[in-house]
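Asker: Just dropping this structure here.
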Amino acid sequence: MNLAAIQQACSSDKAASLATTEKLVREAVANGANLVVLQELHATLYFCQTEDTDVFELAEPIPGPTSERLSSLANELGVVLVGSIFERRMNGVYHNTAVVFESDGSLAGMYRKMHIPDDPGFYEKFYFTPGDAEFNDGRSGFTPIETSVGKLGVLVCWDQWYPEAARLMALAGAEILIYPTAIGWDVTDDPDEQARQLEAWVTVQRGHAVANNLPVVAPNRVGTEPDPSRQSDGIRFWGNSFVCGPQGEFLARADESSECILSVTIDRTRSESVRRIWPYLRDRRIDAYSDILKRVRD
Numbered sequence: 404m405n406l407a408a409i410q411q412a413c414s415s416d417k418a419a420s421l422a423t424t425e426k427l428v429r430e431a432v433a434n435g436a437n438l439v440v441l442q443e444l445h446a447t448l449y450f451c452q453t454e455d456t457d458v459f460e461l462a463e464p465i466p467g468p469t470s471e472r473l474s475s476l477a478n479e480l481g482v483v484l485v486g487s488i489f490e491r492r493m494n495g496v497y498h499n500t501a502v503v504f505e506s507d508g509s510l511a512g513m514y515r516k517m518h519i520p521d522d523p524g525f526y527e528k529f530y531f532t533p534g535d536a537e538f539n540d541g542r543s544g545f546t547p548i549e550t551s552v553g554k555l556g557v558l559v560c561w562d563q564w565y566p567e568a569a570r571l572m573a574l575a576g577a578e579i580l581i582y583p584t585a586i587g588w589d590v591t592d593d594p595d596e597q598a599r600q601l602e603a604w605v606t607v608q609r610g611h612a613v614a615n616n617l618p619v620v621a622p623n624r625v626g627t628e629p630d631p632s633r634q635s636d637g638i639r640f641w642g643n644s645f646v647c648g649p650q651g652e653f654l655a656r657a658d659e660s661s662e663c664i665l666s667v668t669i670d671r672t673r674s675e676s677v678r679r680i681w682p683y684l685r686d687r688r689i690d691a692y693s694d695i696l697k698r699v700r701d
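Next comes the structure, spelled out in structure tokens:
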């Protein structure tokens, strides 16, 4: 699997953001990628810094203009493409949705973000309905998406802090965990706090790789985006997109400010060999975990 993860800055002009995305995807494919992963909400600025009903005008149905453009690009280039869309599912129901297009442009599947944050500067609960825990056909919301390059365990950003999501994807046969992301610093945080936050973000995802013996790819955005309400100094997105292997080893890592492409060849047989010597899934005590379904053990 020749993988490329795209790290880019975004614009208030959706056409400009998508033009940058397309340019970088074309470059990645020219360099041999057969799977390209884009960051979270790559067509727009990260609009969740404030709560504003006018922002719902950015949402699109699937299929819609952005999904059709990504579909056409995947078909033209013959690449499996993971994109991100602010989805209008119906009037009043909106999702933060990852879309996966097969190399012929067909929609291989979608994943609607399950864990939705509501923190200063990240007011996502105002905009996004959580993804369904179960699809109408009975499949779990944590179901890998089948593609010509393998089973993709696609999750989104805030999901990356939850080991349960990674585990459920792994148990369903995911061959790689994918986390399109939009995360950054409050620019007023001191450097030590910024360093702790960044290392926590990297470490928890490397932990998912280790615990599930799976590669992880996490593309993030770069650039400082102002707070439209001017109540804060905005967010400086910290980049540091990375790909790691099934023992958490870095295969590629970006810096905190550059638009770039991380190109990596993933050995799809390596997870199997690692699981033979580190058989975590074999030794799980599923008979002893019933309390995990409780909110609190009080």
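Each position in the sequence shown, counted from 1, maps to that position plus 403 in the working numbering. Cβ atoms here follow ideal geometry from the backbone N, Cα and C, with glycine treated the same way.
Pick out whichever of 568, 642, 530 has its Cα sitting closest to the Cα of residue 451.
Answerer: Working through the sequence shown from its first residue, we reach residue 451 at position 48. Checking every option, the nearest Cα to that of residue 451 belongs to 530.
Asker: Taking only runs that begin and end inside the stretch 418-461, name each unbroken beta strand (DSSP E) of 3 or more residues, in chain order.
Answerer: Correct list: 438-440.
Asker: Please determine whether the Cβ atom of residue 594 lies at a distance below 7 Å from any heavy atom of the ligand GDP.
Answerer: Ligands displayed in this structure: none; no statement on the ligand GDP is therefore possible.
Asker: Would you kindly work out how many angstroms separate the C-alpha atoms of residue 604 and residue 460, rounded to a whole number?
Answerer: Against the sequence shown, residue 604 aligns to sequence position 201. Against the sequence shown, residue 460 aligns to sequence position 57. Going from the Cα of residue 604 to the Cα of residue 460 covers about 31 Å.
Asker: Per DSSP, what are the beta-bridge partners of residue 408 in this structure?
Answerer: Within the sequence shown, numbered from 1, the residue matching residue 408 stands at position 5. BP columns for residue 408 point to 440, 665.
Asker: Can you tell which of 512, 601, 641, 564 has its C-alpha closest to the C-alpha of residue 542?
Answerer: Sequence index remark: in the sequence shown, residue 542 carries index 139 (1-based). For the residues 512, 601, 641, 564, the minimum Cα distance to residue 542 belongs to 512.
Asker: Cutting at 6 Å between CB atoms, please list the residues of its own chain near residue 448, excluding the five before and the five after it.
Answerer: Translated into the one-based positions of the sequence shown, residue 448 becomes position 45. Excluding residues within five positions, the ones whose Cβ falls inside 6 Å are 413, 415, 628.
Asker: Ordered along the chain, which non-local residues of its own chain (more than five positions away) have a Cβ less than 7 Å from that of residue 557?
Answerer: On the sequence shown, position 154 is the one that residue 557 refers to. These residues qualify, in order along the chain: 485, 501, 503, 514, 548, 581.
Asker: If you drop the 5 nearest sequence neighbours on each side, which residues of the same chain put their C-beta closer than 6 Å to that of residue 561?
Answerer: Locating residue 561 in the sequence shown gives position 158, counting from the first residue. Within the same chain, residue 561 has close Cβ partners 518, 520.
Asker: Cutting at 6 Å between CB atoms, please list the residues of its own chain near residue 669, excluding the five before and the five after it.
Answerer: As a first step, residue 669 must be located in the sequence shown, where it is residue number 266. Around residue 669: 404, 406, 618.
Asker: Put residue 560 into one of helix, strand or coil per three-state DSSP.
Answerer: Reading the sequence shown from its first residue, position 157 is the one you call residue 560. Residue 560: helix per DSSP, three-state reduction.
Asker: On the three-pair Cβ rule with 8 Å, is the stretch 423-431 touching the stretch 670-687?
Answerer: Segments in contact, no.
Asker: Return the CA-CA distance between residue 614 and residue 606, expressed in angstroms with no decimal places.
Answerer: Here residue 614 corresponds to residue number 211 of the sequence shown, with the count starting at 1. Here residue 606 corresponds to residue number 203 of the sequence shown, with the count starting at 1. For residue 614 and residue 606, the distance between alpha carbons rounds to 12 Å.
Asker: State the Cα-Cα distance for the pair residue 585 and residue 660, rounded to the nearest angstrom.
Answerer: Translated into the one-based positions of the sequence shown, residue 585 becomes position 182. Translated into the one-based positions of the sequence shown, residue 660 becomes position 257. For residue 585 and residue 660, the distance between alpha carbons rounds to 13 Å.
Asker: At what residue ranges does the stretch 525-588 contain a whole run of the alpha helix (DSSP H), taking only runs of 4 or more?
Answerer: Entirely contained in the stretch 525-588, the alpha helix (DSSP H) runs reaching 4 residues are, in chain order, 566-574.
Asker: Tell me which residues share the same chain as residue 533 and place their Cβ nearer than 6 Å to its Cβ, disregarding the 5 neighbours each side in the sequence.
Answerer: Taking the sequence shown and counting its residues from 1, one reaches residue 533 at position 130. Excluding sequence neighbours, residue 533 sits near 517, 519.
Asker: Would you call the stretch 470-490 and the stretch 428-444 touching, i.e. three or more CB-CB distances under 8 Å?
Answerer: In short, these stretches touch, since the Cβ pair count reaches three.
Asker: Given a cut-off of 8 Å on the beta-carbon distance, is the pair residue 411 and residue 423 in contact?
Answerer: Counting from one through the sequence shown, the residue named residue 411 turns up at place 8. Counting from one through the sequence shown, the residue named residue 423 turns up at place 20. Yes, the pair counts as a contact, with Cβ atoms nearer than the cut-off.
Asker: Classify residue 642 as buried or exposed, calling it buried when 16 or more other Cβ atoms lie within 10 Å of its own Cβ.
Answerer: Here residue 642 refers to the residue found at position 239 of the sequence shown. Residue 642 should be labelled buried.
Asker: Are the beta-carbon atoms of residue 639 and residue 588 separated by less than 8 Å?
Answerer: Looking up residue 639 in the sequence shown gives position 236. Looking up residue 588 in the sequence shown gives position 185. In contact: residue 639 and residue 588 (Cβ atoms closer than 8 Å).
Asker: Let me make sure I understand the geometry here. Which of 454, 692, 573 has the alpha-carbon closest to that of residue 522?
Answerer: The residue given as residue 522 occupies position 119 in the sequence shown. Residue 522 has its Cα closest to that of 454, out of 454, 692, 573.
Asker: Can you find the residues in the same chain that come closer than 7 Å, C-beta to C-beta, to residue 667, ignoring five residues on each side of it along the sequence?
Answerer: On the sequence shown, position 264 is the one that residue 667 refers to. Excluding positions up to five away in sequence, the list reads 406, 646, 654, 655.
Asker: Taking its Cβ as the centre, do 16 or more other Cβ atoms sit within 10 Å of residue 550, making it buried, or is it exposed?
Answerer: For the purposes of this step, residue 550 is taken as the residue at position 147 of the sequence shown. By the 10 Å Cβ count, residue 550 comes out buried.
Asker: To the nearest angstrom, how far is the alpha carbon of residue 445 from that of residue 487?
Answerer: Working through the sequence shown from its first residue, we reach residue 445 at position 42. Working through the sequence shown from its first residue, we reach residue 487 at position 84. One C-alpha to the other measures close to 7 Å.
Asker: Going by beta carbon distance, what residues of the same chain come within less than 6 Å of residue 571, once the five residues before and after it are set aside?
Answerer: Your numbering for residue 571 matches position 168 in the sequence shown. So the qualifying residues of the chain are 545.
Asker: In three-state terms, what does DSSP make of residue 615?
Answerer: As a first step, residue 615 is located in the sequence shown; it is residue number 212 there, counting from the start. Residue state, collapsed to three classes: helix.
Asker: Quick one: residues in its chain with C-beta nearer than 8 Å to the C-beta of residue 592, no 5 flanking neighbours on either side, listed in chain order?
Answerer: Start at 1 with the first residue of the sequence shown, and residue 592 comes out as number 189. Cβ within range, chain order: 600.
Asker: Per DSSP, residue 514 forms a beta bridge with which residues?
Answerer: The residue labelled residue 514 in the question sits at position 111 within the sequence shown. Paired residue(s): 501.
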